[in-house]
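Q:
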Amino acid sequence: MSSRYEFVLLAEQPQANVRELCRRFEVSPKTAYKWINRYRELGEAGLQDKSRRPLSCPGSSSDTLEKAVLALHDTYPAWGSRKLRSLLGEGVLPHHSTIDAILRRHGRHLRYGADRGDKASSRFEHEAPNDLWQMDFKGHFPLFDQRHRCHPLTLLDDHSRFA
């Protein structure tokens, strides 16, 4: 027997104190009265959790928009949502994230850098030592006396990677 069903059976008894039962079962009175009313209307089936899924989604994309986006993506498979949006034409244009969502929903979303033919980036290396040095300022941090700051600067030889 579920605790909800047990609660409702005890609450339906004559002389039952619903607030006392709420304290005992550790539920709010609002929830308790919801269970009691559902039990009276639907019986034991009314004590099951209801789905929180909305009944409708008025902001969803129309079928015609989805078909247009998918047709454009068939024509230009390497193009992203911003370029596809520019080709949709006049009228109400969806945001590029909506086009991304449509492509993702149909399994056609391009991951950035994937399937584009980009080569993996290779490490930049100069021909000989001391030909080129990189310098990088790393910000600053306070010294122990809290009055002065250290401004670290790194130097890197592009051939030997010696810092």
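Per UniProt numbering, the very first residue in the sequence shown carries number 1; after that it's consecutive. We put the beta carbon where it would ideally sit given N, CA and C, even for glycine.
1) Which residues does DSSP list as the beta-bridge partners of Thr-154?
2) Taking the alpha carbon of Ser-160 as the reference point, which residue from Asp-63, Asp-136, Pro-142 and Asp-131 has its own alpha carbon closest?
3) Quick check: what's the CA-CA separation for Phe-162 versus Pro-142?
4) Just verifying my parser: in three-state terms, what is the DSSP assignment at Pro-29?
5) Looking at the structure shown, is Arg-105 part of a helix, part of a strand, or coil, going by DSSP?
6) Tell me whether the beta-carbon of Ile-102 lies closer than 8 Å to the beta-carbon of Val-69.
7) Use the C-beta contact count for Tyr-39: other C-beta atoms within 10 angstroms, 16 or more gives buried, fewer gives exposed.
8) Drop a sphere of 10 angstroms on the beta-carbon of Glu-125, count the other beta-carbons inside from all chains shown, and report buried for 16 or more, exposed for fewer.
9) Compare the beta carbon distance of Leu-72 and Leu-84 with 8 Å and say whether it is the shorter of the two.
10) Tell me, please, which residues DSSP counts as bridged to Phe-7.
11) Tell me whether the beta-carbon of Phe-7 lies closer than 8 Å to the beta-carbon of Ala-32.
12) List the whole-angstrom C-beta distance separating Ser-86 from Asp-100, where the pair is believed to meet the contact cut-off of C-beta under 8 Å.
A: Taking the geometry as given:
1) Paired residues: Asp-136.
2) Out of Asp-63, Asp-136, Pro-142 and Asp-131, Asp-131 has the C-alpha closest to the C-alpha of Ser-160.
3) Using only the alpha carbons, I get a separation of about 27 Å.
4) Three-state result, Pro-29: helix.
5) In the three-state reduction of the DSSP assignment, Arg-105 falls in the helix class.
6) Contact flag set, yes.
7) Classification of Tyr-39: buried, given that the 10 Å Cβ count is 16 or more.
8) Exposed: under 16 other Cβ atoms inside 10 Å.
9) It is a contact, given that the beta carbons lie within the stated cut-off.
10) According to DSSP, which records beta bridges pairwise, Phe-7 is partnered with nothing at all.
11) Yes. Within cutoff.
12) With a Cβ gap of about 14 Å, Ser-86 and Asp-100 do not count as contacting.
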